[in-house]
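Step one of this worksheet: look at the structure below.
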Amino acid sequence: MTIAENVKQTPRFAEPTDYEDDFESWSYEQAELLRQRRFAELDLPNVIEELESMGSEQRHALESSYRLVIAHLLKWQFQPQLRSSSWEITIARERVNIARREEKNRALRAGAKQILESVYRDAVREAAMETGLPRDTFPFDCPYAAEQLRDHDWMPA
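For the sequence shown, position 123 matches number 134 in my numbering, and the numbering has no gaps at all.
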């Protein structure tokens, strides 16, 4: 057996870190195993779970940003006498977050219509709570297109 073959058969980590005990160390070890193409040593079920979770987290973060932009635009549109710079700051910040997430996750950008549909009721609930206006003050369906929600200069009348 050559030295290279012997090294390849020797486990990289004498005691692999348990996923449940130390996530940071476990993640580092799994990345190292992938870099070295030591696939047999991977904690494959948990690696798969984490990869799926990363995708879900990206979607959740994008949903949150869209919800915040919509809620603040509804307040802006339906309670203009209370407009504030903090509303504008929130809208601007979340539009930047949307742009960054969609730039790195094109599939999420392509699914923006479904995301808007899924978060609109929550945005209305939030806007109604913050304004004190009844929920039926706001349109039943989202009055804003994804392009408007992304546009850093667009605000409703």
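We put the beta carbon where it would ideally sit given N, CA and C, even for glycine.
Legend entry - Own chain, CB closer than 7 Å to Ala110, minus 5 neighbours either side, in chain order: Here the set comprises Arg161.
Legend entry - Proximity winner among Ala118, Asp54, Glu137, Val58, relative to Ser75 (alpha-carbon distances): Comparing Cα positions, the closest option is Glu137.
Inset, instruction - Indicate the three-state DSSP secondary structure (helix, strand or coil) for Met140 in the structure shown. - result: The three-state reading of DSSP puts Met140 in helix, counting H, G and I together.
Legend entry - Span of the alpha helix (DSSP H) around Trp98: Note, Trp98: alpha helix (DSSP H), 96-115.
Legend entry - Distance CB(Pro145)-CB(Gln88) smaller than 9 Å: Contact: no.
Inset, instruction - Would you be able to state if there are at least three C-beta pairs under 8 Å between the segment 62-74 and the segment 35-54? - result: No, the segment 35-54 is not in contact with the segment 62-74.
Inset, instruction - Taking only beta-carbon positions, decide if Ile109 is within less than 9 Å of chain C. - result: No chain C is present in this structure, which holds just one protein chain.
Legend entry - Option nearest Ala103 by Cα separation, candidates Arg70, Asp29, Ala82: The candidate whose alpha carbon is nearest that of Ala103 is Ala82.
Legend entry - Alpha-carbon to alpha-carbon, Ala156 and Val130: Per the coordinates, the alpha-carbon of Val130 lies some 13 Å from the alpha-carbon of Ala156.
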